[in-house]
Amino acid sequence: MSAAPSIEAETGDTQLVLRGVGKAFGDVVALRDVDMTINQGDFLSLLGPSGCGKSTALRLIAGLSAPSAGRLEWFGPPMGKTDVGFVFQEPTLMPWATVYDNVWLPLRLQGVSRDAARDRVAAVLEQVNLTGFEEAVPRELSGGMKMRTSIARALVTRPRVLLMDEPFAALDEITRNQLNNDLLALWEKERFTVIFVTHSVFESVYLASRIVVMAANPGRVFDQMAVDAPYPRSESFRTSEGYAHVMRSASTMLRAAMGLDPVEGGHVDH
Amino acid sequence: MSTIEAPAPMQADALAGADAEELARRRQRRFEKIGRWALPLMIMVTAIWLWDRICVWNDIPHFILPRPGVVLETLVADAGLLFSSLWVTLKITFLSLLLAVAGGVGLSVLFTQSKWVEMSFFPFAVILQVTPIVAIFPLINIYVENQTAKLLLCAWIVAFFPILSNTTLGLNSVDRNLLDLFKLNGATRWQTLWHLRLPAAMPYFLGGLKIAGGLALIGAVVAEFVAGSAGQSSGLASRIIEAGYRLNAPRLFAALILISFTGIVIFLALSWLSNRILRRWHESALSQEH
Numbered sequence: 004m005s006a007a008p009s010i011e012a013e014t015g016d017t018q019l020v021l022r023g024v025g026k027a028f029g030d031v032v033a034l035r036d037v038d039m040t041i042n043q044g045d046f047l048s049l050l051g052p053s054g055c056g057k058s059t060a061l062r063l064i065a066g067l068s069a070p071s072a073g074r075l076e077w078f079g080p081p082m083g084k085t086d087v088g089f090v091f092q093e094p095t096l097m098p099w100a101t102v103y104d105n106v107w108l109p110l111r112l113q114g115v116s117r118d119a120a121r122d123r124v125a126a127v128l129e130q131v132n133l134t135g136f137e138e139a140v141p142r143e144l145s146g147g148m149k150m151r152t153s154i155a156r157a158l159v160t161r162p163r164v165l166l167m168d169e170p171f172a173a174l175d176e177i178t179r180n181q182l183n184n185d186l187l188a189l190w191e192k193e194r195f196t197v198i199f200v201t202h203s204v205f206e207s208v209y210l211a212s213r214i215v216v217m218a219a220n221p222g223r224v225f226d227q228m229a230v231d232a233p234y235p236r237s238e239s240f241r242t243s244e245g246y247a248h249v250m251r252s253a254s255t256m257l258r259a260a261m262g263l264d265p266v267e268g269g270h271v272d273h
Numbered sequence: 054m055s056t057i058e059a060p061a062p063m064q065a066d067a068l069a070g071a072d073a074e075e076l077a078r079r080r081q082r083r084f085e086k087i088g089r090w091a092l093p094l095m096i097m098v099t100a101i102w103l104w105d106r107i108c109v110w111n112d113i114p115h116f117i118l119p120r121p122g123v124v125l126e127t128l129v130a131d132a133g134l135l136f137s138s139l140w141v142t143l144k145i146t147f148l149s150l151l152l153a154v155a156g157g158v159g160l161s162v163l164f165t166q167s168k169w170v171e172m173s174f175f176p177f178a179v180i181l182q183v184t185p186i187v188a189i190f191p192l193i194n195i196y197v198e199n200q201t202a203k204l205l206l207c208a209w210i211v212a213f214f215p216i217l218s219n220t221t222l223g224l225n226s227v228d229r230n231l232l233d234l235f236k237l238n239g240a241t242r243w244q245t246l247w248h249l250r251l252p253a254a255m256p257y258f259l260g261g262l263k264i265a266g267g268l269a270l271i272g273a274v275v276a277e278f279v280a281g282s283a284g285q286s287s288g289l290a291s292r293i294i295e296a297g298y299r300l301n302a303p304r305l306f307a308a309l310i311l312i313s314f315t316g317i318v319i320f321l322a323l324s325w326l327s328n329r330i331l332r333r334w335h336e337s338a339l340s341q342e343h
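Okay, structure coming up:
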């Protein structure tokens, strides 16, 4: 790959710009020279093979670790503690606490009492279709329901940015598709910014408005593409010609990022 | 369509009923349920009966090996003396257990709050743990004047370490992602401790508590042996030593039975407590039918 592609804002208001961001752990360079622009209301997908630093990039954006090089610039109102929601690959719930208490947690840490949080928790549980499960504990829930709880917890503070680190990778395909649809519906209604890390091309194309493809050794941004399919997207999008077309481009780009030959009949177009 | 749907409920009925395999499994489960208490009980009754027969067949004098009936008579006859002694031993046991919980949990919290404190003191905790602590009881016997304080200190030292090491392990075994989540939400150190570390350490702490409960009783008894040889103590162990000197074997056995019974009750009580607390969320407390 020649010079790193310049990645410019496409539409809407710029919310976050990464300029020459790098991260090293000792001698291992996890991320090098990442330039990226994220707009308010984007559904951005970070797509790449294992070891391309996509999770590292997400942790840097979350503020969970500091970059070794470059900087992150936030635009708009200053980002507070409750402005970023994070969904991990595992549901990461507190096993001793009920669904209600797990979702209440971020508010609780801000000093909101159990009763004062009641309306907000009820609303967000309804959004993820978990009304009626308030008093269940995690081990009584299915994998999909645990993940819904995790998403509800991330959304309870009305974050402006939702960061998701391969959230559905461990779920079966039927549950994953359902959660994809529910997530899209939520995003279309609330229009928070989503940065969605995944290694699934299918998921990237179905969900994202923009795909940033990353490459490994060292982790870096390889290229990016817009997904020119209108929202709302539904199951019929999965079988449409437009979907197949974007899939081909995204797969080709990912294979190029991994140093492999393009898929047959594929061509990269922006 | 209707032809396809019609047999469905019938089929479901046939499957809902129990087949031969399921019936066999149920029968097996019923036998196991009865056997779980019936078999040990049978062994115990047989053993007591054999004990009695051996005494009779061999004409063993009761100051060497009393018959079970004699032990039971002594337990009833000496009840006042034995139970007041048991009360003394129990007080030491529970007070030392309480102090062990306070000290163990307090110190482990301190360890996890500061790397420096842990680095400085944990090696010494390990040294004390691997030293057979019973060996320093004679020293405590010399240095500590107050009888109760002496016994408490001995029992506490023995009961304290399982709680300290288990709780420290538990406080450090927190899901890294949950720690990140707390960090992301700007949780204070106190909030992370109270809402995350302490609940996560609960199963480990309760495991330590179960061990410590038994050890506190052992500590109290051993401490009395050490101190009681000077004839100053009034707990159950002193009764055993005293009965030994007087060749009063029936009372010795009666005291022994009381101590063993106390140990069983402490273990069952702590197991029950642990199950109560963990039953909804922790693997160790899930019933086996699940």
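Protein chains in written order, with this note's numbering: chain A, 4 to 273; chain B, 54 to 343. Where is the CB? At the ideal position from N, CA and C, for every residue including glycine. Given the structure is predicted, the values throughout are model-derived calculations rather than measurements.
Take Val-24 of chain A and list the residues in its own chain whose beta-carbon comes closer than 6 Å to its own, dropping the five residues that flank it on each side.
Val-37, Pro-70 and Gly-73
Just how far apart, CA to CA, sit Gln-181 of chain A and Asn-219 of chain B?
42 Å
Any idea what DSSP makes of Gly-114 of chain A, helix, strand or coil?
In this structure, DSSP gives Gly-114 of chain A a state outside helix and strand, which the three-state scheme calls coil.
Of the listed residues A:Phe-225, A:Val-230 and A:Tyr-246, nearest to Ala-259 of chain A (C-alpha basis)
A:Phe-225
What three-state label does DSSP hand Lys-26 of chain A in the structure shown?
If DSSP states are grouped into helix, strand and coil, Lys-26 of chain A belongs with the strands.
Identify the contact partners of Ala-65 of chain A in chain B, using a Cβ-Cβ distance below 7 Å as the criterion.
Near Ala-65 of chain A (Cβ distances below 7 Å), the residues of chain B are Leu-237.
What three-state label does DSSP hand Ala-12 of chain A in the structure shown?
A caution first: Ala-12 of chain A carries a pLDDT of 43, below 50, which makes its placement in the model unreliable, though a value can still be read off. Three-state result, Ala-12 of chain A: coil.
Three or more C-beta pairs closer than 8 Å, one from the region 162-171 of chain A and one from the region 188-205 of chain A: is that the case here?
yes
Taking 8 Å as the cut-off, decide whether the C-beta atoms of Thr-245 of chain B and Phe-258 of chain B are in contact.
no
Return no unless some Cβ of chain A is closer than 8 Å to the Cβ of Asn-328 of chain B.
no
Taking only beta-carbon atoms, is Trp-243 of chain B less than 8 Å away from chain A?
Using a Cβ-Cβ cut-off of 8 Å, Trp-243 of chain B does not count as an interface residue toward chain A, since no Cβ of chain A sits closer than that to its own.
Three or more C-beta pairs under 8 Å: does that hold for the region 107-124 of chain B against the region 161-168 of chain B?
no
Going by the beta-carbon positions, is the gap between Lys-263 of chain B and Ser-327 of chain B smaller than 8 Å?
yes
Which residues in chain B sit within 9 Å of Glu-93 of chain A, going by Cβ to Cβ distance?
Asp-228 and Asn-230
Report, in whole angstroms, the separation of the C-beta atoms of Ala-212 of chain B and Ser-149 of chain B, which I expect to be a contact under 8 Å.
6 Å
Going by DSSP in three states, Trp-104 of chain B sits in which element: helix, strand or coil?
helix
Minimum C-alpha distance to Val-31 of chain A - residue among A:Gly-222, A:Ser-252 and A:Arg-123:
The residue with the shortest Cα to Cα distance from Val-31 of chain A is A:Gly-222.
As assigned by DSSP and simplified to three states, the class of Glu-76 of chain A
strand
Give the secondary structure of Leu-262 of chain B by DSSP, where H, G and I count as helix, E and B as strand, and everything else as coil.
helix
Coil, strand or helix - Leu-67 of chain A by DSSP
coil
Count the C-beta pairs between the region 301-313 of chain B and the region 228-243 of chain B that are closer than 8 Å, then say yes if the count reaches three, no if not.
no
Inter-residue Cα distance where the pair is Gly-260 of chain B and Ile-216 of chain B:
8 Å
On a Cα-Cα basis, can you pick out the residue from A:Ala-120, A:Gly-83 and A:Ala-139 that is closest to Thr-101 of chain A?
A:Ala-139
8 Å Cβ shell around Ser-287 of chain B - same chain, five flanking residues per side excluded:
Ser-137, Ser-138 and Val-141
Among B:Ala-307, B:Val-154, B:Leu-94 and B:Arg-242, which one has its Cα closest to the Cα of Gly-133 of chain B?
B:Ala-307
Could you name the residues of the same chain whose beta carbon sits closer than 6 Å to that of Val-158 of chain B, not counting the 5 residues immediately before and after it, in chain order?
Cβ within range, chain order: Thr-220.
Reducing DSSP to helix, strand and coil, say where Ser-243 of chain A ends up.
coil
8 Å contact criterion, which Ser-53 of chain A and Leu-210 of chain A should meet: CB distance rounded
At roughly 20 Å, the Cβ-Cβ gap does not stay under 8 Å, so Ser-53 of chain A and Leu-210 of chain A are not in contact.
Would you mind telling me which residues of chain B sit closer than 8 Å to Pro-70 of chain A, beta carbon to beta carbon, in chain order?
Going along chain B, no residue has its Cβ under 8 Å from Pro-70 of chain A, so there is no contact; the nearest lies around 17 Å.
Cβ shell of Met-150 of chain A (< 6 Å), same chain only, five flanking positions each side left out
Pro-94
Taking the alpha-carbon positions, what's the Gly-245 of chain A to Asp-86 of chain A distance?
34 Å
Under 8 Å between C-beta atoms, does Pro-98 of chain A make it to chain B?
Interface with chain B (8 Å Cβ-Cβ cutoff): Pro-98 of chain A is included.
So with Cβ pairs under 8 Å, would you call Gln-341 of chain B a contact of chain A?
In this prediction, Gln-341 of chain B scores a pLDDT of 45, lower than 50, which makes its location untrustworthy; the coordinate-derived value is nonetheless stated afterwards. No, Gln-341 of chain B lies away from the interface with chain A (no Cβ there is under 8 Å from its Cβ).
Residue range of the beta strand (DSSP E) that includes Ala-33 of chain A:
31-42
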